[in-house]
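Participant: Below are the structure tokens for one structure; questions will follow.
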Amino acid sequence: MEYQLSKTITFYPEFDHNAEKADVDKIVVEYNNPTLTIMQRLKPKTKSTAIVSLDGKIDHTELTIDDDESAILREMLKSISSNVVYTYDGKTKNYIRNATDLMAAPKFFEPLRKEIIAKAREILRDTDIDEKNSE
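260 is the number of the first residue of the sequence shown in our numbering; add one for each residue after it.
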């Protein structure tokens, strides 16, 4: 059986009222459609820590789930439309077109970075195999 798949996934972030802009001015984010290898590399890591009381007994445990946001951006983010441009004091134009540009951007773009990472996590989560149907 042959399956028709797309290599990319398109996303329109809400950053800076993006939905209200004309189509030519909208920020468009392209993600790589994750491969099984990418999914394995970016799988969140679970860490369990035992908290010990002064008498040496385990008081409780803490569970944390960590993922590497920089790795998520590097692996998943294919491109950002060239509509994202900033300048410092009206001088050289700086474009945000990829993960490297985004990570080097000013703090002003932190909400955009968070939104792009959140969507990437959603893509990774939604491509997980439904365990109850895999038996």
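Glycine is no exception: its CB is placed at the ideal position from the N, C-alpha and C atoms.
Everything numeric in this text was worked out from a predicted model, so none of it was measured.
Extract the residue ranges of the alpha helix (DSSP H) inside the region 325-352, only unbroken runs of 4 or more that lie entirely within it.
Facilitator: 328-335
Participant: With distance defined between alpha-carbon atoms, name the residue in G315, K280 and D327 nearest to Q299.
Facilitator: One-based indexing of the sequence shown puts residue 299 at position 40. Measuring from the Cα of Q299, the nearest candidate turns out to be D327.
Participant: Please state if the CB of N357 and the CB of S341 are separated by a distance shorter than 8 angstroms.
Facilitator: Here residue 341 is taken as the residue at index 82 of the sequence shown, counted from 1. Here residue 357 is taken as the residue at index 98 of the sequence shown, counted from 1. Contact: no.
Participant: Would you kindly check if the distance between the Cβ of I382 and the Cβ of P303 is under 8 angstroms?
Facilitator: On the sequence shown, position 44 is the one that residue 303 refers to. On the sequence shown, position 123 is the one that residue 382 refers to. The answer is no: Cβ separation not under 8 angstroms.
Participant: Where D389 and M260 are concerned, what is the direct C-alpha to C-alpha distance, given to the nearest angstrom?
Facilitator: The residue labelled residue 389 in the question sits at position 130 within the sequence shown. The residue labelled residue 260 in the question sits at position 1 within the sequence shown. For D389, the predicted structure reports a pLDDT of 43, less than 50, and the residue's modelled location is therefore unreliable. The matter cannot be settled from this model.
Participant: Considering only their Cβ atoms, is the gap separating M335 from N291 smaller than 8 angstroms?
Facilitator: If you number the sequence shown from 1, residue 291 lands on position 32. If you number the sequence shown from 1, residue 335 lands on position 76. Yes, they are a contact pair.
Participant: Reducing DSSP to helix, strand and coil, say where D318 ends up.
Facilitator: For the purposes of this step, residue 318 is taken as residue 59 along the sequence shown, with counting starting at 1. DSSP places D318 in strand when its eight states are reduced to three.
Participant: Could you tell me the boundaries of the beta strand (DSSP E) in which E289 lies?
Facilitator: Stepping through the sequence shown from its first residue, residue 289 is reached at position 30. Counting along the chain, the beta strand (DSSP E) containing E289 begins and ends at V288 to N291.
Participant: Let me know the secondary structure DSSP gives I355 once reduced to three states.
Facilitator: In the sequence shown, residue 355 corresponds to position 96, counting from 1. Of the three classes helix, strand and coil, the one that applies to I355 here is coil, per DSSP.
Participant: Work out the CA separation of V343 and G349 for me, nearest whole Å.
Facilitator: The count along the sequence shown starts at 1 and reaches residue 349 at position 90. The count along the sequence shown starts at 1 and reaches residue 343 at position 84. Distance between the alpha carbons of G349 and V343: 15 angstroms.
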